[in-house]
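For the record, in the sequence shown the residue sitting at position 219 is 222 according to this note's numbering, with numbers rising by one throughout.
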Amino acid sequence: MEIRNGMVALVIAATILVSGCSGSGGEADMDSLEGQWTIDTVADDEGRLVGPVEGTTPYVEFIGSEIAGNTGCNSFSGQAEIAADGNFAVGDLATTLIGCDPARSNQEANIHRALADADRWAVEETTAVLSANGATVMQMSVADTSLAGSQWSVTSINNGHGGVQSVSEGSDPTLIFGSDGKLAGSTGCNNLIATYTEGDGSLSIGSVGTTKKLCGTPAGIMEQEQDMVTALTNTSAYSVTGDTLRMADEDGATQIVATRNPMPAP
Numbered sequence: 004m005e006i007r008n009g010m011v012a013l014v015i016a017a018t019i020l021v022s023g024c025s026g027s028g029g030e031a032d033m034d035s036l037e038g039q040w041t042i043d044t045v046a047d048d049e050g051r052l053v054g055p056v057e058g059t060t061p062y063v064e065f066i067g068s069e070i071a072g073n074t075g076c077n078s079f080s081g082q083a084e085i086a087a088d089g090n091f092a093v094g095d096l097a098t099t100l101i102g103c104d105p106a107r108s109n110q111e112a113n114i115h116r117a118l119a120d121a122d123r124w125a126v127e128e129t130t131a132v133l134s135a136n137g138a139t140v141m142q143m144s145v146a147d148t149s150l151a152g153s154q155w156s157v158t159s160i161n162n163g164h165g166g167v168q169s170v171s172e173g174s175d176p177t178l179i180f181g182s183d184g185k186l187a188g189s190t191g192c193n194n195l196i197a198t199y200t201e202g203d204g205s206l207s208i209g210s211v212g213t214t215k216k217l218c219g220t221p222a223g224i225m226e227q228e229q230d231m232v233t234a235l236t237n238t239s240a241y242s243v244t245g246d247t248l249r250m251a252d253e254d255g256a257t258q259i260v261a262t263r264n265p266m267p268a269p
């Protein structure tokens, strides 16, 4: 079954990410579609442009002739033809097959249909438009892949034994990257502070300090704290793909995986 015909294509049972930690999630090239874009609006089945479902950040990333992204429900990847004269075409897409609520499933259908129907692309400053037969079917903006001013919920941490494991249920460790180069957060037990320096996909974290509370629950929380401090210290690179942050060491091994949280109002 082909997505070009408005249906789901080949299903793969893995999360599809084309960006590693060699760059900060693929910042868009203003002379082309190359890079990562956040989907701001997409045409529904009546041609009306609608914004993302609350709590989702759908995105598309173009690297050469490859396309990948996430609909706010499933990840997808495939091949795209992006001509210098503005012509545009997307082939069959491979996609994961996670069940989602009706709103997210409908958004996914809209995104797949827009990509399949689009025949032209255009970029102006930090925005991009895909159109079909002269009508806009998708509006995008350059994805924000910087860390400054962002807040994250940590979901997985390198355990120091060659594995990356989910955080203890109910512990809710966090990372907050200030705009002033200061890092704050929680290990799930103690608060932490440090400094950080980010570059084009590089990330250096200074000495990590924590408060000294002892926690008995949830089980394994103190081991998690030590693993998190070690993972932060080992980090030398990062990538942001959609709402997911991946931090890695100099060998590319994942140290921390986190999900973006909205920053609290000032």
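Glycine included, every Cβ here is placed at the ideal spot set by N, Cα and C.
For T244, the enclosing beta strand (DSSP E) covers residues 240–244. In this chain, D104 is not harboured by any alpha helix (DSSP H), its DSSP state being neither H nor E. Ranked by Cα distance from D203, the first of L186, D230, E226, L150 is L150.
It is roughly 46 Å from the alpha-carbon of G67 to the alpha-carbon of A222.
In this structure, the beta-carbon distance from I70 to M143 does not fall below 8 Å. In this structure, S174 sits away from S207, with a CB-CB distance that is not shorter than 8 Å.
Here N77 has T98, T99, L100, I101, C103, E111 as same chain residues with Cβ atoms under 8 Å from its own Cβ, once five neighbours each way along the sequence are excluded. For N237, the enclosing alpha helix (DSSP H) stretches over residues 224–237. DSSP, reduced to helix, strand and coil, places E111 within a helical segment of the structure shown. If you look at L206, you'll find it in the beta strand (DSSP E) that goes 206–208.
In this chain, the beta strand (DSSP E) harbouring T257 covers 257–264. By the Cβ neighbour-count rule, D183 is exposed, with fewer than 16 other Cβ atoms within 10 Å of its own. Nearest neighbour of S205 by Cα position, chosen from A251, T190, V232, T233, turns out to be A251.
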